[in-house]
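To convert, note that position 297 of the sequence shown is 297 in this note's numbering; the numbers rise steadily by one, no gaps.
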Amino acid sequence: MSLEHGSAGAPVRLGVLGCAEIAWRRVLPAVEVTPSVELAAVASRDPAKARAFAERFGGEAVTGYDALLARDDLDAVYVPLPVGLRPTWVARALEAGLHVLSEKPLTIGHDTSAALVAEAERRGLTLLENFAFRHHGQHHEARRLLGAGVIGSPRALMCEFGVPEREPGDIRYDPALGGGALLDVGVYPLGLAQFMLGSDLRLRGAVLEYCARTGVDVRGGALLSGPDGTTVHVGFGFGLQYRNTYTVWGDGGTLSLDRAFTPPETLSPTLELRRGAEEERVSLAAEHQFGNVLSAFADGVRGRRAVDTAPILEMADLVDRFRRSAEGRAPA
Ligand SMILES: NC(=O)c1ccc[n+]([C@@H]2O[C@H](COP(=O)([O-])OP(=O)(O)OC[C@H]3O[C@@H](n4cnc5c(N)ncnc54)[C@H](OP(=O)(O)O)[C@@H]3O)[C@@H](O)[C@H]2O)c1
């Protein structure tokens, strides 16, 4: 049976705003293996870049983002533009009646994110941030085990995400594009803490280190606490040995996970449990976290399962509080 374009079972026809590295490396390869989405068009400011993407992944090459939004064959767009440009282009996409999968975080702060969430709701459009970790079963299983008391009562959570220096000229080093480590990597440990402990986190203190040359924040850390007194320590930055990991520490043991935010789809994750002298390695199924995001997005677009926008605003609020706290501590 063939399904009409736009009907409940038809693949979501996706346009891409910007030929970003993350689109090439992760998201478009995931589109290729996710039946509920299909690539219709890819837009770049540079026609040659759009052509290269279309040759590799299919769809039509489009020059300019306006031209992409003016098409009549799209259900949705994926927006991997720099975070500082997302408020404008996500708003334009919503105005064009398109569902939006945005890179993470949606914007640089709460007010702009709240306006976009409200607009999407008003128009009945799905808006999802591409925080792939929230869609990988490894964290859901870790949370289930913690709830089942596998390490007793959790008392502390430590989580870090650090990456080596990027090339000069990278979007992450440009303040005008919303650059900086907090929005690029810091949001992961913060989001993980919210995922594990809930959104009711108190921020006890935050630090950001800035690069004098570019003016963006390049490293940071914070102490937070959960409603039941669980302490949270997060660390993140650029110019660090590659590391993304967390440990939850309870009165009866620890649970740890490495490659927490970047597991390739071929990796069978291992949760490490330590209780007294006992060590157990819990092997989990490999999952394609970017494919899972796309499936969840398509389910939202097609009305099969609603996408919850609360995490967008909870994260944006925490980022705002983080900045205020860190800036309050900056040397004069
Ligand atoms: N979800 C994840 O796991 C994940 C992983 C990595 C990155 N990300 C996020 O994805 C976003 C893109 O990261 P990326 O590493 O892919 O960056 P990137 O390769 O630099 O891509 C950004 C794209 O934005 C477009 N753009 C429009 N105006 C621009 C301007 N003034 N300067 C530079 N680029 C401009 C460019 O597309 P055209 O030249 O084609 O117009 C460019 O390809 C970032 O927000 C990052 O945090 C998410």
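Backbone N, C-alpha and C fix where the C-beta goes; we use that ideal spot for every residue, glycine too.
No experiment lies behind these values; they were computed from the predicted model shown.
GLY180 and ALA132 have their alpha carbons spaced roughly 20 Å apart. The Cβ-Cβ distance between THR309 and VAL42 does not fall below 8 Å. Just measuring C-alpha positions, the residue of GLY124, GLY15, ALA176 sitting nearest VAL77 is GLY15. Restricting attention to HIS136, VAL216, LEU190, the CA atom closest to the CA of ASP170 is found in VAL216. In this structure, VAL234 lies near LEU190, with their beta-carbon atoms less than 8 Å apart. Apart from the 5 residues on each side of it in sequence, GLN194 sits with its Cβ closer than 8 Å to the Cβ of LEU201, PRO311, GLU314, MET315, LEU318 in its chain, given in chain order. Annotated three-state conformation of HIS135 is helix, per DSSP. When secondary structure is reduced to three states using DSSP, GLU32 falls in the helix class. Assignment of THR112 by DSSP, reduced to helix, strand and coil, places it in the helix class.
Taking 7 Å as the cut-off, one finds no heavy atom of ligand 1 near enough to the beta carbon of LEU101. The distance from the Cβ of TRP249 to that of ARG155 is about 6 Å, consistent with a contact at the 8 Å cut-off.
In the same chain as PHE57, and ignoring 5 residues on each side of it, the C-beta atoms closer than 6 Å to its own belong to LEU28, LEU39, in chain order. For GLY149, the three-state secondary structure derived from DSSP is coil. Residues with their Cβ less than 5 Å from any non-hydrogen atom of ligand 1, running along the chain, are GLY18, CYS19, ALA20, GLU21, ILE22, SER44, ARG45, LYS49, PRO80, LEU81, VAL83, GLU103, ASN130, ILE171, ASP184. Under the DSSP assignment, THR245 falls outside any alpha helix (DSSP H), being part of the beta strand (DSSP E) whose first and last residues are 243–250. With the rule of 3 Cβ pairs closer than 8 Å, the region 62–75 counts as touching the region 83–97. VAL232 sits close to LEU224, with the two beta carbons spaced by under 8 Å. Between ALA48 and VAL62 a beta carbon distance of about 13 Å is seen, past the 8 Å cut, so the two are scored as non-contacting.
In the DSSP assignment, the residues bridged to TYR210 are ASP217.
Per DSSP, LEU197 is one residue of the alpha helix (DSSP H) stretching across 187–197. Unbroken beta strand (DSSP E) stretches of 3 residues or longer found wholly inside the region 34–103: 37–44, 60–63, 76–79, 99–102, given in chain order.
Minimum Cα-Cα distance from LEU183 among the listed residues HIS135, ARG122, GLU160, THR107 corresponds to THR107. THR254 is bridged by DSSP to TRP249, ARG274. Residue pairing of ARG13 in beta bridges, as defined by DSSP: GLU38. As DSSP reads the structure, VAL163 sits in a beta bridge with PHE238. Under DSSP, GLU280 forms a beta bridge with LEU273.
For GLY205, the secondary structure class from DSSP, reduced to helix, strand or coil, is strand.
Straight through space, the alpha carbons of ARG304 and PRO168 are spaced by roughly 43 Å.
Residue pairing for HIS233: DSSP places it in a beta bridge opposite MET158, LEU223.
VAL12 and ALA91 have their C-alpha atoms spaced approximately 20 Å apart. The residue among LEU157, GLY18, PRO164 with its C-alpha nearest the C-alpha of ALA222 is LEU157. For LEU127, there is no enclosing alpha helix (DSSP H); the residue is part of the beta strand (DSSP E) that begins and ends at 127–129.
Rounded to the nearest angstrom, the gap between the Cα atoms of ALA298 and LEU240 is 36 Å.
The residue among GLY186, GLN138, PHE290, GLU129 with its C-alpha nearest the C-alpha of GLY237 is GLY186. Straight-line measurement puts the Cα of VAL207 at about 31 Å from the Cα of TRP89.
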